[in-house]
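Written below as structure tokens is the structure these notes are about.
2 protein chains.
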Amino acid sequence: MLTYRAPTRDISFILTKVLNASGCLGRDGLSDDLIEGVVSEIGRLCENELTPINRDGDEIGCELIDGVVRTPPGFKDAFRSFANGGWIGMCLDAEDGGQGLPEVLNVALHEMIMSACLSFGDYIGLPQAAAKTLAHHASGELRGLYVPNLATGRWGATMCMTEPSCGTDLGLIATSAKQLSDGRYTVNGTKIFISGGDQDITENIVHLVLARLEGAPAGIKGLSLFVCPKFVPNESGGIGDRNAVRPVRLEKKMGYHGISTCEMVFDGAAAWLVGEPNRGLAAMFTMVNTARLLVALQGLGAAEAAYQNAAHYARERLQGRSLNGPLFASQKADPLIVHPDVRRILLGARAFVEGGRALALWLGLQIDLSESGQTDEARTAASDFAALLTPVVKSMFSDLGFETCNSCMQVWGGHGYIRDNGMEQLVRDCRIAQIQEGANGIQALDLLGRKITAENGRAWGAFKNLVRSDLDASAHLDEIKEWSARLLCALESVDVATRDILQRAQHDRNELGSAGVDYLRAFGLVALGWMWVRIVSAALAGDDKARRSEKLAVARFFFARELPKVEGHLVVAQSGADVLMALPSEMV
Amino acid sequence: MLTYRAPTRDISFILTKVLNASGCLGRDGLSDDLIEGVVSEIGRLCENELTPINRDGDEIGCELIDGVVRTPPGFKDAFRSFANGGWIGMCLDAEDGGQGLPEVLNVALHEMIMSACLSFGDYIGLPQAAAKTLAHHASGELRGLYVPNLATGRWGATMCMTEPSCGTDLGLIATSAKQLSDGRYTVNGTKIFISGGDQDITENIVHLVLARLEGAPAGIKGLSLFVCPKFVPNESGGIGDRNAVRPVRLEKKMGYHGISTCEMVFDGAAAWLVGEPNRGLAAMFTMVNTARLLVALQGLGAAEAAYQNAAHYARERLQGRSLNGPLFASQKADPLIVHPDVRRILLGARAFVEGGRALALWLGLQIDLSESGQTDEARTAASDFAALLTPVVKSMFSDLGFETCNSCMQVWGGHGYIRDNGMEQLVRDCRIAQIQEGANGIQALDLLGRKITAENGRAWGAFKNLVRSDLDASAHLDEIKEWSARLLCALESVDVATRDILQRAQHDRNELGSAGVDYLRAFGLVALGWMWVRIVSAALAGDDKARRSEKLAVARFFFARELPKVEGHLVVAQSGADVLMALPSEMV
Chain A
26 MLTYRAPTRD
36 ISFILTKVLN
46 ASGCLGRDGL
56 SDDLIEGVVS
66 EIGRLCENEL
76 TPINRDGDEI
86 GCELIDGVVR
96 TPPGFKDAFR
106 SFANGGWIGM
116 CLDAEDGGQG
126 LPEVLNVALH
136 EMIMSACLSF
146 GDYIGLPQAA
156 AKTLAHHASG
166 ELRGLYVPNL
176 ATGRWGATMC
186 MTEPSCGTDL
196 GLIATSAKQL
206 SDGRYTVNGT
216 KIFISGGDQD
226 ITENIVHLVL
236 ARLEGAPAGI
246 KGLSLFVCPK
256 FVPNESGGIG
266 DRNAVRPVRL
276 EKKMGYHGIS
286 TCEMVFDGAA
296 AWLVGEPNRG
306 LAAMFTMVNT
316 ARLLVALQGL
326 GAAEAAYQNA
336 AHYARERLQG
346 RSLNGPLFAS
356 QKADPLIVHP
366 DVRRILLGAR
376 AFVEGGRALA
386 LWLGLQIDLS
396 ESGQTDEART
406 AASDFAALLT
416 PVVKSMFSDL
426 GFETCNSCMQ
436 VWGGHGYIRD
446 NGMEQLVRDC
456 RIAQIQEGAN
466 GIQALDLLGR
476 KITAENGRAW
486 GAFKNLVRSD
496 LDASAHLDEI
506 KEWSARLLCA
516 LESVDVATRD
526 ILQRAQHDRN
536 ELGSAGVDYL
546 RAFGLVALGW
556 MWVRIVSAAL
566 AGDDKARRSE
576 KLAVARFFFA
586 RELPKVEGHL
596 VVAQSGADVL
606 MALPSEMV
Chain B
26 MLTYRAPTRD
36 ISFILTKVLN
46 ASGCLGRDGL
56 SDDLIEGVVS
66 EIGRLCENEL
76 TPINRDGDEI
86 GCELIDGVVR
96 TPPGFKDAFR
106 SFANGGWIGM
116 CLDAEDGGQG
126 LPEVLNVALH
136 EMIMSACLSF
146 GDYIGLPQAA
156 AKTLAHHASG
166 ELRGLYVPNL
176 ATGRWGATMC
186 MTEPSCGTDL
196 GLIATSAKQL
206 SDGRYTVNGT
216 KIFISGGDQD
226 ITENIVHLVL
236 ARLEGAPAGI
246 KGLSLFVCPK
256 FVPNESGGIG
266 DRNAVRPVRL
276 EKKMGYHGIS
286 TCEMVFDGAA
296 AWLVGEPNRG
306 LAAMFTMVNT
316 ARLLVALQGL
326 GAAEAAYQNA
336 AHYARERLQG
346 RSLNGPLFAS
356 QKADPLIVHP
366 DVRRILLGAR
376 AFVEGGRALA
386 LWLGLQIDLS
396 ESGQTDEART
406 AASDFAALLT
416 PVVKSMFSDL
426 GFETCNSCMQ
436 VWGGHGYIRD
446 NGMEQLVRDC
456 RIAQIQEGAN
466 GIQALDLLGR
476 KITAENGRAW
486 GAFKNLVRSD
496 LDASAHLDEI
506 KEWSARLLCA
516 LESVDVATRD
526 ILQRAQHDRN
536 ELGSAGVDYL
546 RAFGLVALGW
556 MWVRIVSAAL
566 AGDDKARRSE
576 KLAVARFFFA
586 RELPKVEGHL
596 VVAQSGADVL
606 MALPSEMV
């Protein structure tokens, strides 16, 4: 069975030393000590409550019995522990039942949840997302009724967007809503792939539903957002009548078995409008950066767990001899870790996970600053960064997470392929991250087609400046001079490619789609490299020698073996849409 | 559910026009017509017999009940169809109960089996391998008793190598054998991960077992090969007493559920020595090139099936609009195939599958020529090529197969992640190919540490000459001039890197392990590019205009988007072992 030790030391190091989160946020009461305490408490919770339920989550999974979903053993108790700790509402204001902590700590929370039990994450993430959406967009009455119940874990939540003929293309949503004479609404339609659509963990479930009001325009501009509870709250705010929304099917999936994935039928279900009619997508998209970052953490968290278990196995398993002759001659064989290719896999995992952790936490900080930054300018800059980097992080982390889980499973050989040891579960579980919250191809289009060009490239310009100024700040450090130089070159190459691709796209928008995925990866590798410079700078400034050695070694790996891939990706990104589009559809 | 149309036209085109198999082999009776007939018959069989059982093979899988394995519904009947068609013994001599067909046609057979039902393949491949091993190494009596029964599908077979503490490192094998006073042998020990260790398909199962005779040297030089039947044949060659070998456990795996994966206990089981004592590994390794090529075909075959089903879905599924504006304005959305990124996935799949098919079939031809070439020189040259390219093809095809299945699953979005549609099964099934028959990291070491350097680099020198002369032969074709030039550059880069890595390895063998995986991929991409030049040359020489357009377009994709990756892999391959080895084991 998999083991997991929450990397609370590294997370705290990044938050306090690399990113200086408390200083950046400048909130009353948010000290480094508080941050370390929170991280350590969450780590303990994930180790103790989630690691033990992960296997049953996969092997037993969810069941739909007589119209009610039964979650795997232990999920309800674990949820209760997180709720009781106040972690569901941690980022909500006190008036909404929350703790007023910054989003960046929620990033830390979700990384550790994903490592310990990936399929549990949505049970926490969904009420958080619903609460935040309602806190921002719902009327005072709805907010007062629903948000505290979500914040405290009394009620669960879902996001109901996808339909049988509408995944990426939300403009095709057919679920309808109509207003009754008393002002209330009813919703009719079928939604699929609804995570947590039903469960036996909370006494009520709050569905946020995108639907089309009678007479609304076609496409995404005719979508409104509704809150549609499983049980209609009664006048005292308790559980009232069962509403006409029910799970009719539970999907069998590749992995991710602990979360129920439901087909939901809304059959004239009572619902309440959230925000303005026909502005539903905008309300839902309040959450999009956070939601995508959490999906990125599925990749990152799974990769951390995979790394830990592969490293453990590589140190224990005796097989073969070092290529330079036996290193442990008295044993029947050397441990796997003497083999360069095994170390390639382990160091590759760390290059992604530790650099990615820093980037994810930095991104979490931007989400905080976009709301709580002290000036308009600061909020706009942070919002720009969050918008620009979110598709990069969502897509790259889910891709690299899958690749990392897969290569760490490879360390285990045949023992990784059998179910007993849990390595293959990580691969199956984290595979969902490449798909959900906008498939990765869409993220690449979002980056090149929208985020890079928005406001005349303002965000991209600011990002380049930020990276350059961070590299300047480290210019005095001998250890990283050469890496900085190479990173500047790579940044320059991405910049040149950006201009080239956008130039071509003026004549043919397919250039964006043709370049997207490879362009995004090149961009992401530069962003990871930037974080590695910051990590090493912070480690060199500290007095922990072991950390310094490790961070220098992993950074060296990154700059020797990962950054060089940037050029190849850019060549491919600039190879032209005609290569893909010339052949008629029926011949592709 | 997945559909599959056997690509018999493309396979025949490659065999007859690209590789000129009948001309190369120069066997009596082996005409292009015969080849096309065989390919088409096998294709029909795979479509009709295997595609329908693939889903149950995964969902129901094997069960161990009262000490006997039950295979999934339909597996026995399908096996019978292949046996009745004579396809199990197809490459054996007539005297062994075979058809005397070349190995290259068995490559075609297994590609199609792997596409239609990957987990069925071992039931065919194992008796083939066992029969060939016994035909080469067993005494006349053993050969006469066992080989025809294997060839005709009356009896099944296994290869028993792996043990709980011995996977890659066969020198650690602990299973023991001792000779009785009557000259017979008994075997004691435990073997794990034994494919087809027990099944209900054949009346008997022939285990080929690596074991250590009493007093034999430690390590791989003390291993002997034994044949150990489930039922000891009686004097008339029929089924006699139940032997003391039994399955004690069936592994639950990530995929590949149709084949039973057994832990086998040999408890003083009667056995017969095959070949010389202590020469067991050499006898087993007769089959290694063929066995590894079949594993490569797991990757290739799964990728072909994934491509077909992704292409189908991409043409049918309406979602979103072309980036240049609606192409099917009267429909509610455009089909996915208008999107460049979807085409990138599909053309990428074809660039691998069609180029890889040619390379696999070429490799099959080399295996034939290494045995039946007309001169010593020809046999040696073919044997060199087979030895050199086998690790490349095994490793690259299984890696690209997995990547391709995964990206084709991505085309289906969430509908690919649920089990109903079968796309995720392809990913889970073909994942085994990266592990079995020598994990891919080992293949890379084999290539750089042995195959490249063998006989002073004779095989590598001959391979470079072969590629160069093929490029010369196509030099008059305007369409491929530029590709040829780029391919020559890439070949030159691989050559330079080869010398550099081998030079460093003289001082530190870890350079081989550090370079291995990336070096192998660069090598493999050059080999694929070489095949694409040959494919396009053949297509240009033919009169099928559609084929010409398609092959030119896919080759263009390959040279624009795949070949450029060679340089990046070589940079990484030459980045030095110290990057990986400097950190102490406990800190990695």
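Heads up: the protein sequence lines correspond to chains A and B, in order. Just so you know, we're using my numbering here: the first sequence kicks off at 26 and counts up by one. Just so you know, we're using my numbering here: the second sequence kicks off at 26 and counts up by one. Where a beta carbon is used, it is the ideal one built from N, C-alpha and C, also for glycine. Quick caveat, the model's predicted, so the values are computed rather than measured.
Item: Inter-residue spacing [alpha-carbon to alpha-carbon] between S494(A) and I477(A); Value: 20 Å
Item: Nearest candidate by alpha-carbon position, reference G114(B), set R34(B), L130(B), A479(B) and T429(B); Value: L130(B)
Item: Continuous alpha helix (DSSP H) assignments of at least 4 residues falling wholly in the stretch 429-464 of chain B; Value: 439-442 and 448-455
Item: Cβ of P416(A) within 8 Å of any chain D Cβ; Value: In the displayed structure, chain D is absent; the protein chains listed are A and B.
Item: Close beta carbons around L205(B), own chain, < 7 Å, minus the five adjacent residues each side; Value: T211
Item: DSSP three-state assignment for A336(A), whether helix, strand or coil; Value: helix
Item: C-beta atoms of A385(A) and L325(A) nearer than 8 Å; Value: yes
Item: Cβ pair count under 8 Å reaching 3, the stretch 359-366 of chain A against the stretch 329-341 of chain A; Value: yes
Item: Among V93(B), R456(B) and I505(B), the one whose alpha carbon lies nearest that of R668(B); Value: Past the boundaries of the shown model lies residue 668(B); chain B is included only from 26 to 613, so the question cannot be answered.
Item: Distance between beta carbons of L451(A) and V613(B), contact taken as under 8 Å; Value: About 19 Å separates the two Cβ atoms, so there is no contact after all.
Item: Counterpart residues of A182(B) in DSSP-defined beta bridges; Value: V231(B)
Item: Own chain partners of N334(A) with C-beta closer than 6 Å, once the 5 adjacent residues on each side are dropped; Value: L27
Item: Length at least 3, wholly inside the stretch 40-99 of chain B: the beta strand (DSSP E) runs in chain order; Value: 88-90 and 93-95
Item: Proximity below 8 Å, CB of V231(A) to CB of F582(B); Value: no
Item: Alpha carbon of E88(B) to alpha carbon of A358(A), nearest angstrom; Value: 35 Å
Item: Cut-off 7 Å between Cβ atoms - residues of its own chain near G426(A), not counting five sequence neighbours on either side; Value: Q323, G324, L325, A327, A328, C455 and A458
Item: Where V521(B) falls, given that 16 or more other Cβ within 10 Å makes a residue buried; Value: exposed
Item: Where P98(A) falls, given that 16 or more other Cβ within 10 Å makes a residue buried; Value: exposed
Item: K576(B), enclosing alpha helix (DSSP H) - first and last residue; Value: K570 to F582
Item: Among S144(B), V172(B), I219(B) and L175(B), the one whose alpha carbon lies nearest that of G192(B); Value: I219(B)
Item: Per DSSP, the bridge partner or partners of W297(B); Value: V252(B)
Item: Alpha-carbon spacing of L197(B) relative to I245(B), whole angstroms; Value: 8 Å
Item: Per-residue burial, V93(B) [other beta carbons within 10 Å of its own, 16 or more giving buried]; Value: exposed
Item: Amino acids of chain A, ordered along the chain, whose beta-carbon sits closer than 8 Å to that of I245(B); Value: Ordered by position in chain A, no residue passes the 8 Å Cβ test against I245(B), which lies about 11 Å from the chain.
Item: Helix, strand or coil at D121(A) [DSSP, three-state]; Value: helix
Item: Whole-angstrom distance between I264(B) and L394(B), CA atom to CA atom; Value: 37 Å
Item: Proximity winner among Q531(B), C49(B), V64(B) and A46(B), relative to T33(B) (alpha-carbon distances); Value: V64(B)
Item: Interface residues of the stretch 206-227 of chain B facing chain A [CB-CB below 7 Å]; Value: F218
Item: Those residues which DSSP pairs with L275(A) across a bridge; Value: C287(A)
Item: Exposure of L117(B), with buried meaning 16 or more beta-carbon neighbours within 10 Å; Value: buried
Item: Per-residue burial, G549(A) [other beta carbons within 10 Å of its own, 16 or more giving buried]; Value: buried
Item: Cβ-based burial, T286(A) [other Cβ within 10 Å; buried from 16]; Value: buried
Item: Per DSSP, cross-strand counterpart(s) of A202(B); Value: V212(B) and L238(B)
Item: Same chain only: Cβ atoms within 7 Å of Q461(B), ignoring 5 sequence neighbours per side; Value: V320
Item: Interface flag, N334(B) vs chain A, CB-CB below 8 Å; Value: no
Item: Where the beta strand (DSSP E) containing G265(B) begins and where it ends; Value: I264 to R267
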